[in-house]
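Protein chains in written order, with our numbering: chain A, 3 to 739; chain B, -12 to 170; chain C, 149 to 245. Don't be surprised by glycine CBs; every beta carbon is placed ideally from N, CA and C.
Okay, structure coming up:
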């Protein structure tokens, strides 16, 4: 496309980043890819294939202490902890390579960020590597694009990713599939980097699909247990439904403006017509992809099941990076979404509803990871509210801070689970190590983890001055501001005026914030405070994990506290000189600035007094949530899991996640099975394809053969007939012409 | 160019034409080869008259000499030789269905030929009316054929003689009997 | 005259074709072929009336070839009859695969 080349030339010719370390952007994904290859090859060594694969685990997976050579029973038990565990032969190399490539990549990312911060480029830095799909008017290149938005994502991915890799060294220490785990994890980081570095939608889509694949591989990591494999399949299939949406959006984009690279789309987006049905359709299809990847209604159902994977996986993929790909996509396509108020409002509405819906479910979950899963869905809802109302910076800000404290929460729960497993293993107990009803009072045994997780809980509830407060408050404040004046407020969403809708969203946001504080405090109370329900014998074996696991926790804790400084609002810096104002906002302005301006065109500035009131409201809500939980929830009254009575009534409805999965089974999955079995299999596959086409063509060939055989009887008289009839036909051709 | 033919001419043309067709139909519908052969001879005679009417006197005479006199005689010789004269020994024609189909095919072919023959031939090729008479006057009847035969079509003439030689040899060998080539 | 001659020719030819199709007696079929050749001869002569003597020359050739063909064909029929004692086409089916 000439336009692309021209823009590229314009941006490349004197791009401030050419010639700097930014030219090495290709190395960023290649490093984890090399890690994948090396770890993958190492995992093939000493691998056991077949039914005796020692990568077995029970329904609730825990790092099994299994002798890699053989003698293993159904569950653990080949020795006590004093006995030296026979780890994978190459575990040492993998422990260096796996996290190592990430740390190097992070260092490289920091260097690039420095270059970018110094150069202040206005346009993205695109590196074209080769022409990938030149098909007539469709010219798709394999190209990477480095701009401020992708820079933020890269720092989060490599930074938090490196920490989680280090954590995994400790967490997965005794797992026989150790190298396989790291190879998959590295592959995931590779694909995620491709996703955020892609300079056009197809390259992004490669990364999009790739992270879906790695999610499947990692969720079903302990695949010998069918439930885990099913969870992996569910994640992949539900993702696919979303991917269809993204594909359709790409097709429509190409059909209408003929370009698929971000620079080109941003330039030509206005041609689609502001507020037209076309751009709304494109955005809605794209959002369908986001609901799949980022677990929003209606495609969130895979995320709670995904907790079947190892906890660091949940931290990396289902908290910090993969699920944020949807938010990134919308921020990347800000030019499109800002043109369609209806689509943006839809995004915000779905985000808000998801936020509160997931928050209610989180209130009654007993598995610690499920609580965090629903919390993730809820917080993702917030992010979508942010990008939905055109606050792309706020959405990204919450993405970054959420990565910090959610990873901290997941890793913290990982160290809790690790300790519980070790304890149950020593006492040869079969209890569920992830159920909060079996925990309690763990503060005594894991003080560091408890303290750090409390920091994260306060952050997610929105207590100042932690990072979560700044990011969440910014989103809610922007919703309010948009309700006052913007293209969204003047638009109409299914008959409801945009302004009213935005106020409702704001209200839902506040309610969800309250519930967030409640269920997170509940989680902390039941896990760390109150009486210990673990069992007296196990208490002897509960202890803090090693430095490989607590180290990343500490780093994440620091980031959770300090993260707010990324984007301090003007209001605060005017009152208290805490630091530079809106660093992230200014940083991302070249990328999303024009789109944001399109939405806020003509809007008036919200008065400072209103802003202060909003902030105060948010803080009050958060604090009251925590106090409410402390007041109403009695950790002492919680029964152990084996003594627990199933909930009934409204409690039961929420505890069973509103029976959404069961209903989907009944109304979608079962009918699909039936149709497949009776119609598609029997009629189409057996009857039409096998019978009509395959057998039919054979029968046709036989028929022709039969005709041919009747023509060659050896009887001269019949040959004479054939000749005469042939002449008749031939002359007929002449006559008719 | 519409030509005007005297009634005498036209009458004889149609007369011999009808005889030819009637004899041909009779020939086809006989069961006995001898009868069929004789009817064919009659057809040849009628056609010979047609040739004369079309200013091809030499050909007309040749028709009688060669076709009726030589070829048909050979046919009759073979029929007599192989004692195939009696209808009871002979192969009957095909059944009624086949006859009907054959009739339809024949009609189809006939109609197609009729349609095709409507195509107009170029007028420049038509020679003047009295061309043949002039030729006849210049050379006599034999000469009008002999001259092109030995001048323009000499090669074909020679090849045909070779063909005849081969045919003779082939007929002798094929008709010789069991011990072919053993002696 | 040309049109009428050609009509006569066509009719004779078709009669020959029908004869070939109907009969199973080899000799009669042969004679039908001769009839077809004669019809073609008439065509040539009819055209030569209007387009020059080349037609008649060709008739000479056709007659010659017809004679040769009759000789050889009848020799073949005699040979077959000697072997098979029949000239019914239904029974002459050694070509049957």
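Report the option in the options whose CA atom is closest to the CA atom of residue i.
i	options	result
residue 326/A	386/A, 98/A and 267/A	386/A
residue 140/A	181/A, 147/A and 253/A	253/A
residue 592/A	114/A, 119/A, 36/A and 47/A	119/A
residue 25/B	188/C, 196/C and 179/C	179/C
residue 618/A	235/A, 458/A and 464/A	464/A
residue 137/A	23/A, 194/A, 214/A and 256/A	256/A
residue 201/C	131/B, 69/B and 161/B	131/B
residue 91/B	730/A, 371/A and 382/A	730/A
residue 108/A	163/A, 121/A, 130/A and 142/A	163/A
residue 301/A	238/A, 719/A and 339/A	238/A
residue 447/A	536/A, 353/A and 104/A	536/A
residue 242/C	716/A, 367/A, 738/A and 728/A	716/A
residue 402/A	614/A, 723/A, 486/A and 461/A	461/A
residue 96/B	163/C, 204/C and 226/C	163/C
residue 445/A	244/A, 372/A and 532/A	532/A
residue 740/A	364/A, 379/A, 572/A and 334/A	The structure shown does not extend to residue 740/A, since chain A is modelled only from 3 through 739, so no value can be given for it.
residue 149/A	264/A, 543/A, 175/A and 284/A	264/A
residue 468/A	501/A, 560/A, 513/A and 540/A	560/A
residue 437/A	192/A, 29/A and 645/A	645/A
residue 803/A	173/A, 172/A, 208/A and 381/A	Only positions 3 to 739 of chain A appear in the structure, and residue 803/A is not among them; the question remains open.
residue 503/A	31/A, 121/A, 241/A and 346/A	346/A
Can you have a look at residue i and say buried or exposed, based on whether 16 or more other CB atoms are within 10 angstroms of its CB?
i	result
residue 253/C	Chain C is shown only over 149 to 245; residue 253/C falls outside these bounds and no answer can be derived.
residue 696/A	exposed
residue 19/A	buried
residue 389/A	buried
residue 451/A	buried
residue 562/A	buried
residue 295/A	buried
residue 221/A	buried
residue 690/A	exposed
residue 159/C	buried
residue 151/C	exposed
residue 659/A	buried
residue 449/A	exposed
residue 73/A	Since pLDDT at residue 73/A reaches only 36, below the 50 mark, its modelled position is unreliable, and the value read off the structure follows with that caveat. Exposed, because fewer than 16 other Cβ atoms sit within 10 Å of the Cβ of residue 73/A.
residue 404/A	buried
residue 633/A	exposed
residue 433/A	buried
residue 52/B	exposed
residue 156/B	exposed
residue 600/A	buried
Mind pulling the chain F residues with CB within less than 7 Å of residue i?
i	result
residue 161/B	Note that chain F does not occur in the displayed structure, where the protein chains are A, B and C.
*Can you give me, in chain order, the residues of the region 210 to 243 of chain C that have a beta carbon less than 8 Å from any beta carbon in chain A?*
The region 210 to 243 of chain C vs chain A, Cβ under 8 Å: 237, 238, 240, 241, 242 and 243.
*Could you please tell me which residues of the region 54 to 69 of chain B, in chain order, have their CB closer than 7 Å to any CB of chain C?*
Within the region 54 to 69 of chain B, the residues whose Cβ lies closer than 7 Å to some Cβ of chain C are 54, 57, 58, 61, 62, 65, 66 and 69, listed in chain order.
*Taking a cut of 7 Å between CB atoms, which residues from the region 162 to 187 of chain C lie near chain A?*
The region 162 to 187 of chain C vs chain A, Cβ under 7 Å: 165, 168, 169 and 172.
*Which of the residues in the region 133 to 150 of chain B, read from start to end, lie with their CB under 7 Å from any CB of chain C?*
Against chain C - using a Cβ distance shorter than 7 Å - the residues of the region 133 to 150 of chain B are 135, 136, 140, 143, 147 and 150.
_For the structure I just gave you, are there three or more beta carbon pairs, one from the region 465 to 484 of chain A and one from the region 396 to 404 of chain A, closer than 8 Å?_
With a cut-off of 8 Å, the region 396 to 404 of chain A and the region 465 to 484 of chain A count as touching, because enough Cβ pairs lie within range.
*Which residues, taken in chain order from the region 722 to 734 of chain A, show a beta carbon closer than 7 Å to some beta carbon of chain C?*
Cβ contacts with chain C come from 722, 723 and 726.
*Please determine if the region 284 to 292 of chain A and the region 358 to 368 of chain A are in contact, where contact requires at least 3 C-beta pairs separated by less than 8 Å.*
Judged by Cβ distances under 8 Å, the region 284 to 292 of chain A makes no contact with the region 358 to 368 of chain A, as fewer than three pairs qualify.
_Length at least 4, wholly inside the region 560 to 642 of chain A: the alpha helix (DSSP H) runs in chain order_ = DSSP runs (the alpha helix (DSSP H)) wholly in the region 560 to 642 of chain A: 572 to 577, 585 to 601 and 610 to 634.
*So does the region 179 to 195 of chain C actually touch the region 163 to 170 of chain C, counting three or more Cβ pairs closer than 8 Å?*
Enough Cβ pairs lie closer than 8 Å, so yes.
*In chain order, which alpha helix (DSSP H) runs of at least 4 residues are fully inside the region 106 to 158 of chain A?*
Runs of the alpha helix (DSSP H) spanning 4 or more residues and lying entirely within the region 106 to 158 of chain A do not occur at all.
*asked:* Could you check whether the region 408 to 424 of chain A touches the region 308 to 315 of chain A, counting it as contact only if at least three pairs of C-beta atoms, one from each stretch, sit closer than 8 Å?
replied: With contact defined as three or more Cβ pairs closer than 8 Å, the region 408 to 424 of chain A and the region 308 to 315 of chain A are in contact.
*Members of the region 695 to 711 of chain A that neighbour chain B once the beta carbon cut-off is set at 7 Å*: Answer set for the region 695 to 711 of chain A: empty.
*If you scan the region 265 to 344 of chain A from start to end, which runs of the alpha helix (DSSP H) of 4 or more residues do you find wholly inside it?*
The qualifying runs are 279 to 295, 304 to 307, 313 to 317, 327 to 334 and 336 to 341.
*Would you list, in chain order, the members of the region 77 to 97 of chain B that have their beta-carbon closer than 7 Å to a beta-carbon of chain A?*
Residues 92, 95 and 96.
*How about the region 188 to 205 of chain A and the region 569 to 589 of chain A: do they share at least three Cβ pairs that are nearer than 8 Å?*
By the Cβ rule, the region 188 to 205 of chain A does not count as touching the region 569 to 589 of chain A, because fewer than three pairs are nearer than 8 Å.
*Decide if the region 124 to 141 of chain B is in contact with the region 193 to 209 of chain C; the criterion is three or more beta carbon pairs, one per stretch, under 8 Å apart.*
With the cut-off at 8 Å, the region 124 to 141 of chain B and the region 193 to 209 of chain C touch.
*Quick one: any contact between the region 563 to 574 of chain A and the region 365 to 385 of chain A, if contact means 3 or more CB pairs under 8 Å?*
By the Cβ test, the region 563 to 574 of chain A is not in contact with the region 365 to 385 of chain A, since fewer than three Cβ pairs between them sit closer than 8 Å.
*With a cut-off of 8 Å, do at least 3 Cβ pairs link the region 620 to 633 of chain A to the region 317 to 335 of chain A?*
Between the region 620 to 633 of chain A and the region 317 to 335 of chain A there are fewer than three inter-stretch CB-CB distances shorter than 8 Å, so the stretches are not counted as touching.
*Members of the region 192 to 208 of chain C that neighbour chain B once the beta carbon cut-off is set at 7 Å*: Answer set for the region 192 to 208 of chain C: 193, 194, 196, 197, 198, 199, 200, 201, 202, 204, 205, 207 and 208.
_Closer than 8 Å is the cut-off here; do at least three beta carbon pairs connect the region 27 to 36 of chain B with the region 3 to 14 of chain B?_
With a cut-off of 8 Å, the region 3 to 14 of chain B and the region 27 to 36 of chain B count as touching, because enough Cβ pairs lie within range.
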